[in-house]
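Some notes on the structure that comes next.
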Amino acid sequence: MPELPEVETIARSLRRFLPGKAISTCSICYSKILTNKPDHFKKNVCRNTFRAVERHGKYLFLKLDRGITLAIHLRMTGQLLILPRKQGTDRHTHLELFLNSSPNKLVYRDVRKFGRITLLEQVSIQEFVHKLKLGPDALGVRETSVWPFFRSRDRMLKALLLDQSFIAGLGNIYTDEVLFLARLLPERKSGTVSRSEFRTLLNRMHEVLQKAVANGGTTFSDYREPGGKKGRHQQALLVYKRQSLPCVRCDRPIEKIRVAGRGTYFCSFCQKKPDGQGK
DNA sequence: CTGTTTACCTGGGGGC
DNA sequence: TGCCCCCAGGTAAACA
209 MPELPEVETI
219 ARSLRRFLPG
229 KAISTCSICY
239 SKILTNKPDH
249 FKKNVCRNTF
259 RAVERHGKYL
269 FLKLDRGITL
279 AIHLRMTGQL
289 LILPRKQGTD
299 RHTHLELFLN
309 SSPNKLVYRD
319 VRKFGRITLL
329 EQVSIQEFVH
339 KLKLGPDALG
349 VRETSVWPFF
359 RSRDRMLKAL
369 LLDQSFIAGL
379 GNIYTDEVLF
389 LARLLPERKS
399 GTVSRSEFRT
409 LLNRMHEVLQ
419 KAVANGGTTF
429 SDYREPGGKK
439 GRHQQALLVY
449 KRQSLPCVRC
459 DRPIEKIRVA
469 GRGTYFCSFC
479 QKKPDGQGK
């Protein structure tokens with residue numbers, strides 16, 4: 209489940225490798241990952257050249273010449289891999305982009321097939337972000353710009369942090385980590401959160417995301433950076449997937465419940481309700 | 001407006 | 001060993 213830190217790790221890796229490389233041919237094995245018709249995709253991508261790599265939230269943007277941009281969302285199990293061009297494909301490989309005068313190819317692989325690649329023609333990233341109603345990127349967001357949105361509704365914090373139109377980039381793992389670090393219960397309603405608590409929430413969010421990027425992201429099963437390496441942040445997680453293990457702060461067991469339709473890990477002692485009574 | 005459920009997919013794990 | 005069933009979660013869409 210690539211979230212912001214995993215997508216950022218991929219973006220940094222591709223940024224060092226792709227710019228200046230031209231695509232010679234393209235092989236589409238499973239066309240449902242493309243939101244455009246395969247022929248149209250090929251026509252615009254083949255004999256085009258990568259120029260830049262950008263990211264907003266969990267979206268990755270590969271910019272090419274002729275006003276073409278590939279907007280990629282990896283969803284749960286999507287991978288972008290740099291592989292030797294002659295390496296064979298397995299049943300989860302859906303797209304191969306062969307590069308001119310390079311011993312490598314760029315491959316899209318996705319066990320669950322939930323990921324999507326969209327061809328943008330003369331569409332800026334800002335326009336795309338606006339059309340999808342994505343909020344500001346979680347790494348760069350400032351408290352003053354999202355406080356009005358936060359204040360204007362009353363939803364559970366877990367649901368709000370997962371809502372990409374509020375802030376873009378958090379998924380299930382980092383949402384639980386952020387709420388633990390900010391000592392806020394996942395089920396707490398946003399309307400009961402003070403401005404200073406909110407400021408703390410965003411500060412902890414920035415800290416944990418930066419730390420996770422420094423660790424190359426979190427690998428539980430499928431996530432790999434383009435070179436095939438796993439992330440290392442799974443060993444730094446404080447609550448996610450730590451059900452019944454001792455809380456790092458109070459030693460009481462981490463609990464798991466269902467919030468906003470997601471498995472949610474938290475410490476009912478360290479993460480307090482607004483009245484301070486605990487759970 | 002809010003929350004919940006379902007669909008999209010596959011592999012992994014538990015139960016038997 | 002194998003089969004059945006459920007679970008994992010990002011997002012969109014349908015629903016209460």
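Letter by letter, the first sequence follows residues 209 to 487 in my numbering. Just so you know, even glycine gets a beta-carbon here, dropped at the ideal spot from N, CA and C. Quick caveat, the model's predicted, so the values are computed rather than measured.
In the structure shown, residue 472 adopts extended strand secondary structure according to DSSP, grouped into three states. Judged by DSSP in its simplified three-state form, residue 364 adopts strand. Look at residue 297 here: in three-state DSSP terms it is coil, with no helix or strand label. Residues of the same chain with a CB within less than 8 Å of the CB of residue 255, apart from the 5 flanking positions on each side, are 230, 231 and 232 in chain order. If you draw a straight line from the Cα of residue 434 to the Cα of residue 305, it is about 14 Å long.
For residue 334, the uninterrupted alpha helix (DSSP H) run begins and ends at 333-339, by DSSP. Excluding its 5 nearest sequence neighbours in each direction, residue 369 has C-beta neighbours in its own chain below 6 Å: 378 and 383, listed in chain order.
Ranked by how close their Cα comes to the Cα of residue 461, the residues 295, 468 and 448 have 448 in first place. In the three-state scheme derived from DSSP, where H, G and I count as helix and E and B as strand, residue 292 is classed as strand. Looking at the DSSP output, residue 267 bridges to 264 and 281.
Within the DSSP secondary-structure output, residue 450 pairs in no beta bridge.
With fewer than three CB-CB distances shorter than 8 Å, the stretch 235-243 does not count as touching the stretch 354-362.
According to the DSSP assignment, residue 316 belongs to the beta strand (DSSP E) that extends over 312-318. Within the DSSP secondary-structure output, residue 461 pairs in a beta bridge with 454. As the crow flies, the alpha-carbon of residue 287 is around 6 Å from that of residue 316.
Fewer than three Cβ pairs drawn from the stretch 401-415 and the stretch 440-454 lie within less than 8 Å of each other, which leaves the two stretches out of contact. Residue nearest to residue 225 within the set 323, 258, 249 and 247 is 258 (criterion: CA-CA distance).
The three-state secondary structure of residue 353, taken from DSSP, is helix.
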